[in-house]
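J.: Residue numbers (the working numbering), protein chains in the order written: chain F, 144 to 304; chain A, 26 to 181.
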């Protein structure tokens, strides 16, 4: 009888321990999952920098004396030197293969230059799912042989997402 | 320590760890976000600088720049010519399709008095606003004319 009682008590102790371990395991699982989720949130959140990159590229074109900015003793950002608005000069100042650019300078006449034909051989921004496109128009002054003309410069940039 | 208390401590310590981590994550993500947004908007502000700068250095038929006309108007207390020239420039060259909202005003820095303003007539929309300003010096060393420029452009 005593032996039977001892065995019953042993089984009860074992079951109780099992239940405690199950509770521990559940809590551990919940905490571990929470930590994994917390760590993964910033890793999976996407910080889109396409707009920022395009903005910097546009500013590079406008502010840099090696690109479009007029230079006479000092650089004049925003004043476009018409002599610099050539395919050869712009290809030299903008040598990346990851962006397609179309520059449209409209003063007395309309001048269009396309850079990196590989990316912009199609109609600009034809596929907004796979490409990120930006299109910005600036009011510029165009320096042409000591004459200053008013005009607009449209810069359209296309890059792969 | 009793076994029951020990187990309870284990469970509570796990919960505490997860709470501390959550709090740290929230603190860092909230603190970091503001700084990133500030830098992005500062770069966008650089872009409309060019428009304002070029408006101000545009010359009229008498070879006076708009900024010179504004200073001249400041002493005459009559901004009709400056406003007319600015309105014509915006009408001709501003990209209304993308940036339907614009607001330009001139303020005297000395007494914060508004001198003139030119604004778009369109209804206010949700387009994000970018702003910049430039200071035009006057002959009064105590005073400058502050030109504020705001554009509201559609996102691409």
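In this text, a Cβ means the ideal position worked out from N, Cα and C, and glycines have one as well.
(1) Should residue 38/A and residue 178/F be called a contact, given that it needs their Cβ atoms to be closer than 8 Å?
(2) Taking 7 Å as the limit between beta carbons, can you name the residues of its chain near residue 207/F, skipping five residues before and five after?
(3) Considering residue 240/F, what are the terminal residues of the alpha helix (DSSP H) in which it resides?
(4) Going straight from the alpha carbon of residue 253/F to that of residue 225/F, what length do you get?
(5) Identify which residue in 151/A, 35/A, 171/A has its Cα closest to the Cα of residue 96/A.
(6) My understanding is that residue 173/A touches residue 129/A, with C-beta atoms under 8 Å, so please give their C-beta distance in whole angstroms.
(7) Quick one: list the residues of chain F neighbouring residue 71/A, beta-carbon separation under 9 Å, in chain order.
(8) Along the region 145-165 of chain A, where does the CB come closer than 9 Å to a CB of chain F? Name the residues.
(9) Flag this pair as yes or no: are the beta carbons of residue 158/A and residue 107/A separated by less than 8 Å?
(10) Below 8 Å on the Cβ atoms is my contact criterion, and I expect residue 205/F with residue 244/F to pass it. Report the Cβ-Cβ distance as a whole number of Å.
(11) Using CA coordinates, which residue listed in 304/F, 213/F, 257/F is at the minimum distance from residue 287/F?
(12) For residue 167/F, decide whether its Cβ has a neighbour in chain A, counting only Cβ atoms nearer than 8 Å.
(13) Among the residues of its own chain, which have a CB less than 6 Å from the CB of residue 210/F, if the five just before and after it don't count?
(14) Is it true that the CB of residue 277/F sits closer than 8 Å to the CB of residue 194/F?
(15) Give me, in chain order, the residues of the same chain whose beta-carbon lies closer than 8 Å to that of residue 32/A; leave out the 5 immediate sequence neighbours on both sides.
(16) Quick check for students: name the residue ranges of the alpha helix (DSSP H) that lie wholly in the region 78-143 of chain A, counting only runs of 4 or more.
(17) In the DSSP assignment, what residue or residues form a beta bridge with residue 248/F?
(18) Given this structure, state the Cα-to-Cα distance separating residue 175/F from residue 46/A, to the nearest angstrom.
T.: Taking the coordinates as given:
(1) Contact flag unset, no.
(2) Excluding five sequence positions before and after residue 207/F, the CB atoms of its chain that fall closer than 7 Å to its own CB belong to 236, given in chain order.
(3) Here residue 240/F belongs to no alpha helix (DSSP H), and DSSP marks it neither H nor E.
(4) Near 12 Å, if we compare the C-alpha coordinates of residue 225/F and residue 253/F.
(5) The shortest Cα separation from residue 96/A among 151/A, 35/A, 171/A belongs to 171/A.
(6) Confirmed, Cβ separation roughly 7 Å.
(7) Within chain F, 198, 202, 206 have C-beta atoms less than 9 Å from the C-beta of residue 71/A, given in sequence order.
(8) Flagged: no residues at all.
(9) Not closer than 8 Å, so no.
(10) Contact doesn't hold; Cβ gap of about 12 Å is too wide.
(11) Measuring from the Cα of residue 287/F, the nearest candidate turns out to be 213/F.
(12) Nearest CB-CB separation between residue 167/F and chain A: below the 8 Å threshold.
(13) Excluding sequence neighbours, residue 210/F sits near 204, 236.
(14) Cβ atoms of residue 194/F and residue 277/F: closer than 8 Å.
(15) Nothing listed; no residue qualifies.
(16) Within the region 78-143 of chain A, the complete alpha helix (DSSP H) segments of 4 residues or longer fall at 91-101, 105-118, listed in chain order.
(17) Paired residue(s): 254/F, 296/F.
(18) Pairing residue 175/F with residue 46/A, the inter-Cα distance amounts to about 11 Å.
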